[in-house]
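Numbering (my numbering), first residue to last: 3 to 159. Even glycine gets a Cβ: it sits at the ideal position worked out from N, Cα and C. Please read these numbers as outputs of a predicted model, since none were measured by experiment. Worksheet for the structure shown next.
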Ligand code: FE
């Protein structure tokens, strides 16, 4: 086998183990527990659909994809701080994108094989609210792209 084929296999293997390790790290306790009825009443239909039913807002429509004020992006479900504006960048995807979370314990990562794709879902570690997905195609320094629904976020200056 040619050496570049071996290199590709080595890289794929490293990537697979990395994703598995991240997924296993994320079994943190949910701190905010509410019934479905309580969430619907509190969030309204659009946010409920995204945060509690793992929905996705259409790209280029959310209120934060072009937002560049300085501050923090908190969970729209429970207020937990999730991302800093300093890690926000324009990924061109049409969704707010960040290269890192504000704190590694703020976000849970879960393997998601729905819709015929292999992805890593991101959720708020405090309330289990669905945020979006994280992809390994982001910029330096992390190389990660946290791709988040605007409806899952609440910006605070
Ligand atoms: Fe939350």
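Check: Skipping 5 residues on each side, what residues in its chain have a beta carbon closer than 6 Å to that of residue 75?
Finding: Counting from one through the chain shown, the residue named residue 75 turns up at place 73. Closer than 6 Å at the Cβ level, and outside the excluded window around residue 75, lie 84, 85, 155, 157.
Next item on the list: Answer yes or no: do residue 106 and residue 125 have a C-beta to C-beta separation smaller than 8 Å?
Entry: Within the chain shown, the letter at position 104 stands for residue 106. Within the chain shown, the letter at position 123 stands for residue 125. No.
Item checked: For residue 100, the residue or residues it bridges with in DSSP -> Translated into positions along the chain shown, residue 100 becomes position 98. Note: residue 100 sits in a beta bridge opposite 90, 148.
Notebook entry, point to check: Is the beta carbon of residue 91 sitting closer than 8 Å to the one on residue 141?
Noted result: Along the chain shown, one-based indexing puts residue 91 at 89. Along the chain shown, one-based indexing puts residue 141 at 139. Contact check for residue 91 against residue 141 passes: the beta carbons are separated by less than 8 Å.
Margin query: Given the structure, does residue 131 come close to the ligand FE, in the sense that its CB is under 7 Å from one of the ligand's heavy atoms?
Written below: Within the chain shown, numbered from 1, the residue matching residue 131 stands at position 129. Because some heavy atom of the ligand FE lies under 7 Å away, the Cβ of residue 131 counts as near it: yes.
Check: Taking the alpha carbon of residue 133 as the point to measure from, which residue in 120, 127, 150 has its own alpha carbon closest?
Finding: For this step, residue 133 is matched to residue 131 along the chain shown. Closest option to residue 133, judged by alpha-carbon separation, among 120, 127, 150: 150.
Next item on the list: Go ahead and label residue 146 buried or exposed: buried means 16 or more other beta carbons lie within 10 angstroms of its beta carbon, across all protein chains shown.
Entry: Within the chain shown, the letter at position 144 stands for residue 146. Residue 146 comes out buried.
Margin query: Restricting to Cα atoms, I'd like to know which of 80, 43, 52 is closest to residue 33.
Written below: As a working mapping, residue 33 is identified with position 31 in the chain shown. The candidate whose alpha carbon is nearest that of residue 33 is 80.
Next item on the list: Using 7 Å as the cut-off, classify the Cβ of residue 79 as near or not near the heavy atoms of the ligand FE, replying yes or no.
Entry: Translated into the one-based positions of the chain shown, residue 79 becomes position 77. Remark: the C-beta of residue 79 is in contact range of the ligand FE, defined as less than 7 Å to any heavy atom.
Margin query: Since residue 148 and residue 100 should fall inside the 8 Å C-beta cutoff, what is the C-beta to C-beta distance between them, to a whole number of angstroms?
Written below: By 1-based counting over the chain shown, the position of residue 148 is 146. By 1-based counting over the chain shown, the position of residue 100 is 98. So it is a contact: roughly 4 Å between Cβ atoms.
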